[in-house]
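Numbering (our numbering), first residue to last: 53 to 149.
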């Protein structure tokens, strides 16, 4: 049986991976929003800051909804995999202990 220290270490490693997943998706949403709004042609720092603030204050589920608005996917496979990640993350943080 794993010790308490081993359990907490594994939880920490997994929680970090979940947080990196959420951060990466937020980065993709922000980059897509910048591309879709042509911020690479004409910068809009205020709109970008507002978008970043919205992303950072959103749940992972909301970030996934934003991703679907900003990017077009040929099929739902990618989004369904992301949703599986959301379910796993929620189980980890809300149901582990």
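Glycine residues also receive a C-beta, built at the ideal position from the N, C-alpha and C atoms.
Supposed contact pair residue j and residue i - C-beta distance, whole angstroms, cut 8 Å
| i | j | result |
| --- | --- | --- |
| residue 126 | residue 81 | Not really, about 19 Å apart at Cβ, beyond 8 Å. |
Reference residue i, options the options, closest by Cα
| i | options | result |
| --- | --- | --- |
| residue 143 | 130, 84 and 63 | 63 |
| residue 119 | 148, 75 and 94 | 75 |
| residue 104 | 73, 85 and 135 | 85 |
| residue 134 | 73, 108, 92 and 149 | 73 |
| residue 106 | 94, 79 and 57 | 79 |
C-alpha distance - residue i paired with residue j, whole-angstrom precision
| i | j | result |
| --- | --- | --- |
| residue 55 | residue 140 | 23 Å |
| residue 113 | residue 61 | 26 Å |
| residue 131 | residue 138 | 10 Å |
| residue 110 | residue 124 | 21 Å |
| residue 146 | residue 67 | 12 Å |
| residue 94 | residue 83 | 14 Å |
| residue 108 | residue 57 | 31 Å |
| residue 149 | residue 128 | 32 Å |
Residue i at chain D interface by Cβ criterion, 8 Å
| i | result |
| --- | --- |
| residue 102 | The structure shown contains no chain D; it holds only a single protein chain. |
Cβ pair residue i, residue j closer than 8 Å
| i | j | result |
| --- | --- | --- |
| residue 96 | residue 88 | no |
| residue 59 | residue 116 | no |
| residue 91 | residue 100 | yes |
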